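Here is the structure we will look at.
Protein chains: 2
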Amino acid sequence: MAPDDMTLTNQLCFSVYHASRLFTKFYKQALEPFQLTYPQYLVLLSLWEEDRQPLHKLGERLDFGSNTLTPLLKRMETNGWLTRRLPATDHRQLIVSLTEQARDAKPEIFAAIHQCVAQQNVDVSKYNDTLAMNHELIATLQRMLK
Amino acid sequence: MAPDDMTLTNQLCFSVYHASRLFTKFYKQALEPFQLTYPQYLVLLSLWEEDRQPLHKLGERLDFGSNTLTPLLKRMETNGWLTRRLPATDHRQLIVSLTEQARDAKPEIFAAIHQCVAQQNVDVSKYNDTLAMNHELIATLQRMLK
DNA sequence: TCCAATTCAATTGCGTACGATTTAATTTAC
DNA sequence: GTAAATTAAATCGTACGCAATTGAATTGGA
Chain D
1 MAPDDMTLTN QLCFSVYHAS RLFTKFYKQA LEPFQLTYPQ YLVLLSLWEE DRQPLHKLGE
61 RLDFGSNTLT PLLKRMETNG WLTRRLPATD HRQLIVSLTE QARDAKPEIF AAIHQCVAQQ
121 NVDVSKYNDT LAMNHELIAT LQRMLK
Chain C
147 MAPDDMTLTN QLCFSVYHAS RLFTKFYKQA LEPFQLTYPQ YLVLLSLWEE DRQPLHKLGE
207 RLDFGSNTLT PLLKRMETNG WLTRRLPATD HRQLIVSLTE QARDAKPEIF AAIHQCVAQQ
267 NVDVSKYNDT LAMNHELIAT LQRMLK
């Protein structure tokens, strides 16, 4: 994973880390009007795909533990994005559901993001290549961590 | 930057974010014996390239502000990795220098990382392709944030 | 049935990240 | 030479991330 040249700019780890923080900064701008942070937006993305997920399933998709999700979801509940309730069948689980506000805001939020992106005329095929390479990288890292 | 398919797995931002957190987890394992965190290791990488940098230059390379670096560097000083001192010429600056311990540990630390990587026989040309793509991505993001 | 193992969410503690502000030192303009 | 502008580190407050532990609920085997 690390090349012989151990300079900062030649470290894949640093370039990924740097890009990730720039993405966070970018989304911060786009999401500011909605009082959403970037990790909170990821939770919405997952719930827009599938509503009413138990916390541990949400955590599985996002690779978050309850130590990260519990306080984050409480903040989102406070801000009216979702509800947290125990199902009658199993009191260990916590079902997370979108509110009306969250369902309604979806097109607005996507529009806000697209508008921020629009000026850059992104190359779609390059986007997909980069995405594919990142998926390979993730797979490699997951193998290494087993 | 965002494709029409707004699912989690098709979001470049999430794949970068996920990869970055996996890298952090990987380096946590490799760096544990040295009492170093991953951002602290990045500081060492920069100082191994060029010793005796003022805080703001270190921050420029790593894209960190003093709000992040000040406490991080204090922890590293406590653990014996570096010294922080005001130069006689300009008392606004803070010069960060490696300790003997940090210079000596360099080969050991690289060996530890390489050992963790070795089992995976990484494809060097793919490493470089991914690195190049990430650099392009970083450039795009920096343009978008200007 | 009943208790041991398992499954979950919550809690704790620490170290980032980062916007915003403050404080101190130096430089510049006049 | 001095006040204003600039530069730089530190401080403050909030929100992650995550290892480790706790505690409650459920399941499963004797």
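Top line first, the protein sequences correspond to chains D and C.
The working numbering puts the first residue of the first sequence at 1, with every later residue one more than the last.
The working numbering puts the first residue of the second sequence at 147, with every later residue one more than the last.
Note that CB positions come from ideal geometry on N, CA and C, so glycine has one too.
In this text the structure is predicted, and so the values were computed from the model without any measurement.
- Counting only runs of at least 4 residues, the region 39-88 of chain D fully encloses the following alpha helix (DSSP H) elements, listed from N- to C-terminal order: 55-62, 66-78.
- Cβ atoms of C/MET279 and D/THR130 come within 8 angstroms of each other, at about 5 angstroms.
- Following the DSSP letters along the chain, one finds C/LEU177 inside the alpha helix (DSSP H) bounded by residues 158-177.
- D/THR68 counts as exposed, since fewer than 16 other beta carbons sit within 10 angstroms of its beta carbon.
- Excluding five sequence positions before and after C/LYS174, the CB atoms of its chain that fall closer than 7 angstroms to its own CB belong to TYR184, given in chain order.
- Its Cα nearest to that of C/GLU195, the residue D/MET6 stands out among D/ALA102, D/ALA111, D/MET6, D/THR99.
- When the Cα atoms are used, C/LEU191 and D/THR89 turn out to be separated by approximately 53 angstroms.
- Rounded to whole angstroms, the separation of the alpha carbons of D/LEU94 and C/ALA165 is 27 angstroms.
- DSSP, reduced to helix, strand and coil, places C/LEU244 within a strand of the structure shown.
- Judged by DSSP secondary structure, C/ASN274 falls within the alpha helix (DSSP H) whose first and last residues are 270-291.
- C/GLN247 and D/CYS13 have their C-alpha atoms spaced approximately 24 angstroms apart.
- Cβ-Cβ separation between D/LEU145 and C/LEU218: approximately 24 angstroms, too far for a contact (criterion under 8 angstroms).
- With respect to chain C, the C-beta atom of D/GLU77 has no partner C-beta closer than 8 angstroms.
- Selection D/TYR127, D/PRO87, D/ARG143, D/ASN79 evaluated against D/PHE34 yields D/ASN79 as nearest (Cα-Cα).
- Of C/ASP150, C/ASN267, C/GLY211, C/TRP227, the smallest CA-CA separation from C/TYR187 is found for C/TRP227.
- Taking 8 angstroms as the threshold, the shortest C-beta distance from D/ASP129 to chain C falls below it.
- Within chain D, the residues placing a beta-carbon under 7 angstroms from that of C/PHE160 are LEU42, ordered along the chain.
- DSSP places C/LEU182 in the coil class of the three-state scheme, outside both helix and strand.
- Of all alpha-carbon atoms in C/HIS237, C/VAL268, C/ARG198, C/GLU223, the one lying nearest the alpha-carbon of D/ALA139 is that of C/VAL268.
- At a cut-off of 8 angstroms between C-beta atoms, D/SER125 does not count as an interface residue with respect to chain C.
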